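*Asks:*
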Amino acid sequence: MGVKTQSCVLFLWMYTLTFVKSQECTLEQFVTGPMFDSNYDITNLAATYPAGEQVRVGCNVGYSGFFKLMCVQGNWESKGKACELRSCGHPGEADSADFHLEKGEDFVFGSQVVYTCQKGYQMVSRSNIRRCLAAGWDGVVPVCEARQCPPIDVDDNVQVVGNPEEAAYGNVLRFSCKSRDEILSGSQELYCDENGKWNGKAPICEAITCTVPNIQNGFVNGNVDKYKENEYLSFRCNPSYKANDGRPSRCLKSGRSANWSPTPLCKPIVCELPLGSQEGTQYEPVSTNVFSPGETVRVTCGNKYWIDNRLIKSAEITCKENGEWNLRPVCQEVTCSNQKPQHVDFWGIPWRGRITLDETARYSCVMDYKKPVGFDLATCTREGWTPNPLCQGCSVCLHSIALTNICLFTMTLACGKMTFLVICVSMLPFAIQPYGLFMSGPYNDVYYTACREGYKRFTKGWWATAECKNGKWSGLEDCIANTTCGKLPEIFNGRVTERPRHNKKFQITCNTGDGVLVKDLTCSDGEWLSNGLPPQTICSSTAKSCNPPPKVENSIIKASYQREYFSDSEVTYQCRDNYMMEGQGKKICKDGQWMENIITCTPYCDKLRDESMTFTAAKEIYLNEEFIRYRCDINNLEGIATCVNTKWNKTRECEGKKRCDTVFNFRNRYISLDSLDCGSPPFLTNGDTTETSRSDYKHDEKVHYSCKAYHTLEGGPYRTCKNGKWSGEMKCLKPCTVDKEAMRSHNIRFRYTSDDKLYSFHLQWIEFTCTGRRSHVGPIEMRQRCVDGVMLLPTCQ
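Shown next, in the form of structure tokens:
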């Protein structure tokens, strides 16, 4: 029994041991199984693990994760994150540098990045590589510095803007001469390029000189090789040629170079007829307007024109050897003098009036002279004014003298050698006329008026003159009773705002900045009462006036100049072209002081336009010192253009399409390169070319422009064909026409009769005055200037 029991126990123990062994997990199972890869670190793992055991598996260097194994019934089960390459994150940006991955596809363990400095910069760090290690990126972010250009030496007479001692990539030096008597030889600007080198040599300043020009069809006198500034060139033209300009050519500084002005040229000696239609003038032949010396032209004038003298309407003119016509080849309009002839009293022509053939004028003769029998008007003829003379001395006295109502004075009438004393007897009856007015005359078409006793004129003075023209009286004024007030007095710096009525009070309004001492005027017994104050002191200033407003550089004030400005007056500033306003642009006078508000006109440059280059930026406006980079289209060279005082300064000029005179042979095929021609010249608004335009023009060929009648040419007058494009800017500025209806609506008229004409030229001044008894109101001055067809009209009330 005992032996059997022991045998059973041993058997059970061996069975249990065998069963437990069969539930263990081994390292070999994991290594050979699907869960294993080379990223795991198994150096510290045991060979076997009992059932239910959990084991954490580490990662190799450069990898990270959280991976666990669990032994379940003899098999491994896993949970957690497998081992993956460790991330180093972003390697870091470097100023003025770029980087790229040289090894690997992401910023993880084992990857490597390489840094490269940008254009114009160089690496100053010892290494330009960073590697992702187990502890992160090794080293530091590399450093790139701008390439430095060596110091540049300049002469003492050269002005430098910039630092020539310490300059880095992109820095620009600008050069100019300290003396106005010198000129810069070399580039006006140098810039430090991407290789740390200056793009050229430092310029020098030299004395202003001009070289001897090569004059086609002419030659220079003397043996001088160079001319100094302001020296004149002595040259002569070959026979049959003459100088293109009558002025002597002088050596002058022009921008950055020295040139002859005007350009010394010789042109063939010819006589020219005016281009375009000349009013009242015809030429024969009509096929050309250029003639050689000795050739003739027949000039025929219209009915109201003359040539050579006022009686000749047609003449043959000859071109002389010096290129001048023997007679001026333009017909003149027949005109008569507007000056008052001898012995004429009244002359019905304005002092600046223009009288042409067959026009007439009203006139009267002085005492002792009369018009010839049968003539009432003066007529303009080819021989002058007719009748001639206009006034003849009296030979027979007038048979009768009108004495009606002449009762206040005594006069002496002279006719020839006889004198009559005419005395009006006071007891003769008056001719009763309205408002106490009586009249005497006519004397030389003029009537004299006065008022009867107890009456007076509405305006100042006791007598006046009147004329009857075309059935209407001019200068005729009614009389008013002595107890009635006449015209309101002129109020200095003020005005009366209502039309006066008898025996009423009238309000006085003073101009801005003045205080009224008397509020109204009262009519009493024919006199205007103002508390004993004269009219010039009624409106007295209560606030101090201002002197002319302060000057703002590069600006104008949009109003006429005044020596004094009332308090509360306002002026508006306007910047010149290519300058922009900074500030409100207005100043106000306050009690003798202009308000302190800062106004500045800042220069700017318009968008640079040049078809020979490509730009890196394209704003419409650039402020001073702003710059843009550009590349020349032909040679691919780079440059920098800087805005300096409204002008673009470029570090290099780009070449456009140039003329070539060379013929190249490419495999026996000849190709001739020549300059580009231009088409028809551009249209000019309100103007035209002075010669018949063509559809084809050669390089450097010029076209002359002129404006139509009454227009003013600005710029020009030439446009030049340059490599297929027309160069030269010009504009025809319009005249002004003042509308009579508009003047009536503004209650104004011309101050001078000479201004009463159809057109006023550009920049011509016109002065207006108020009509009737009105006064000027508003900010627009009475004296205005025509500006390109626009003229502002003042207003009176």
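FYI, in mature numbering (1 follows the signal peptide of the UniProt record, and there is no 0) the residues of the sequence shown are -22 to -1, 1 to 775. Virtual Cβ for every residue (Gly too), placed ideally from N, Cα, C. Bear in mind the structure is a predicted one, so any value in this text is a computation, not a measurement.
1) Quick one: measure Cβ to Cβ for C579 and C553, integer angstroms, because I've assumed they're closer than 8 Å.
2) Between N532 and the rest of its own chain, which residues show a CB-CB distance below 8 Å, the 5 nearest in sequence each way excluded?
3) Check whether the Cβ atoms of L355 and V322 lie closer than 7 Å to each other.
4) Can you give me the Cβ contacts of N173 inside the same chain, cut-off strictly under 7 Å, excluding the 5 residues immediately before and after it?
5) Under three-state DSSP, which class holds E719?
6) Per the DSSP calculation, I486 is bridged to which residue(s)?
7) The beta strand (DSSP E) with T241 in it runs from where to where?
8) Going by other Cβ atoms of all chains shown within 10 Å of its Cβ, with 16 needed for buried, is G178 buried or exposed?
9) In the DSSP assignment, what residue or residues form a beta bridge with R108?
10) To the nearest angstrom, report how far apart P181 and C656 are at their CA atoms.
11) Give the DSSP-derived three-state secondary structure of T592 in the structure shown.
12) Helix, strand or coil: which one does DSSP assign to V9?
13) Whole angstroms is fine: what's the gap from S292's alpha carbon to I333's?
14) Taking A29 and C49 to be in contact with their CB atoms under 8 Å, please state how far apart those CB atoms are, rounded to whole angstroms.
15) To the nearest angstrom, how far is it from the Cα of Q137 to the Cα of N602?
16) Examine the ligand MG and report whether any of its heavy atoms sits within less than 6 Å of the Cβ of S212.
17) Output the distance between the C-alpha atoms of G756 and M559, rounded to the nearest integer angstrom.
18) Whose C-alpha, out of V9, F746 and G617, is nearest the C-alpha of D171?
19) Mapping DSSP to helix, strand and coil, what is A619?
20) Shortest alpha-carbon distance to E184 belongs to which of N201, G200 and K206?
21) Quick check on T187: does DSSP put it in helix, strand or coil?
22) Would you say the stretch 559 to 575 touches the stretch 538 to 546, given that touching needs at least three Cβ pairs under 8 Å?
23) Could you name the residues of the same chain whose beta carbon sits closer than 8 Å to that of Y18, not counting the 5 residues immediately before and after it, in chain order?
24) Could you check which residue in S684, C583 and F85 has the C-alpha nearest to that of D116?
25) Can you confirm whether the stretch 741 to 749 touches the stretch 758 to 765 when touching is taken to mean that 3 or more C-beta pairs between the two stretches lie within less than 8 Å?
26) Starting from the C-beta of G98, find all residues in its chain whose C-beta is less than 7 Å away, skip the five residues before and the five after it, and write them out in chain order.
27) For E692 versus K709, is the C-beta distance shorter than 7 Å?
28) Name the two residues that bound the continuous beta strand (DSSP E) containing H78.
29) Using the beta-carbon count (16 or more within 10 Å), is C638 buried or exposed?
30) Could you tell me whether the stretch 256 to 270 touches the stretch 313 to 328, using the rule of 3 or more Cβ pairs below 8 Å?
31) What residues in its chain sit with their C-beta under 7 Å from that of W572, if we drop five residues either side in the sequence?
32) Rounded to a whole number of angstroms, what is the C-alpha to C-alpha distance between A442 and G453?
33) Based on Cα-Cα distance, which residue from S74, S538 and L79 lies nearest to P120?
34) Could you pull the start and end residues of the beta strand (DSSP E) that S163 belongs to?
35) Pull up the distance between the alpha-carbon of Q485 and that of N623, whole angstroms please.
36) Enumerate in chain order the residues of its own chain whose CB-to-CB distance from L770 is below 6 Å, with the five nearest sequence positions on each side excluded.
*Replies:* Checking against the coordinates, here is how it stands:
1) In this structure, C579 and C553 form a Cβ contact; the two beta carbons are roughly 4 Å apart against a cut-off of 8 Å.
2) Within the same chain, N532 has close Cβ partners C553, R554, Y557, C579 and P581.
3) No; because the gap between Cβ atoms is not below 7 Å, this pair is not in contact.
4) The beta carbon of N173 sits closer than 7 Å to the beta carbons of R125 from its chain, once the five residues preceding and following it are set aside; these are given in chain order.
5) Secondary structure at E719: helix, using DSSP grouped into helix, strand and coil.
6) Answer by DSSP bridge pairing, in chain order: V474.
7) Secondary structure note for T241: it is in no beta strand (DSSP E), with a DSSP letter that is neither H nor E.
8) With fewer than 16 Cβ atoms within 10 Å of its Cβ, G178 is classed as exposed.
9) DSSP, once it has assigned bridges, lists V91 as partnering R108.
10) Between the alpha carbons of P181 and C656 lies a gap of roughly 37 Å.
11) Three-state result, T592: strand.
12) Looking at V9 - three-state DSSP - the assignment turns out to be helix.
13) Cα-Cα distance, rounded: 22 Å.
14) A29 to C49, Cβ: 5 Å. Contact.
15) Cα to Cα, the separation comes out at about 19 Å.
16) As presented, the structure is devoid of all ligands, the ligand MG included, so that no description of it is given.
17) The alpha-carbon atoms of G756 and M559 are separated by roughly 25 Å.
18) Nearest option by C-alpha distance: G617.
19) Strand at A619.
20) Ranked by Cα distance from E184, the options N201, G200 and K206 are led by K206.
21) Shown here, T187 sits in a strand according to DSSP, grouped into three states.
22) Remark: three or more beta-carbon pairs, one from each stretch, lie closer than 8 Å, so the stretch 559 to 575 and the stretch 538 to 546 are flagged as touching.
23) Taken in chain order, the residues that qualify are V35, G36, C37, N38, F45 and C61.
24) It is F85.
25) The count of Cβ pairs closer than 8 Å, one atom from the stretch 758 to 765 and one from the stretch 741 to 749, reaches three, so the stretches are in contact.
26) Residues A124, R125, Y147, G148 and E172 of the same chain have their beta carbon placed closer than 7 Å to that of G98, with the five preceding and five following residues left out of the count.
27) Yes, the pair counts as a contact, with Cβ atoms nearer than the cut-off.
28) Going by DSSP, H78 is part of the beta strand (DSSP E) stretching over A75 to K81.
29) Here C638 scores only 43 on pLDDT, less than 50, and its place in the model should not be relied on; the value that follows carries that caveat. Burial call: exposed.
30) No: fewer than three Cβ pairs fall under 8 Å.
31) Within its own chain, the residues whose Cβ lies closer than 7 Å to the Cβ of W572, once the five positions on either side in sequence are excluded, are C524, P527, P528 and K565, listed in chain order.
32) If you draw a straight line from the Cα of A442 to the Cα of G453, it comes to about 8 Å.
33) Comparing Cα-Cα distances from P120 to each of S74, S538 and L79, the minimum goes to S74.
34) Counting along the chain, the beta strand (DSSP E) containing S163 begins and ends at E160 to S163.
35) CA-CA distance, Q485 to N623, rounds to 56 Å.
36) Contacts found: I758 and Q762.
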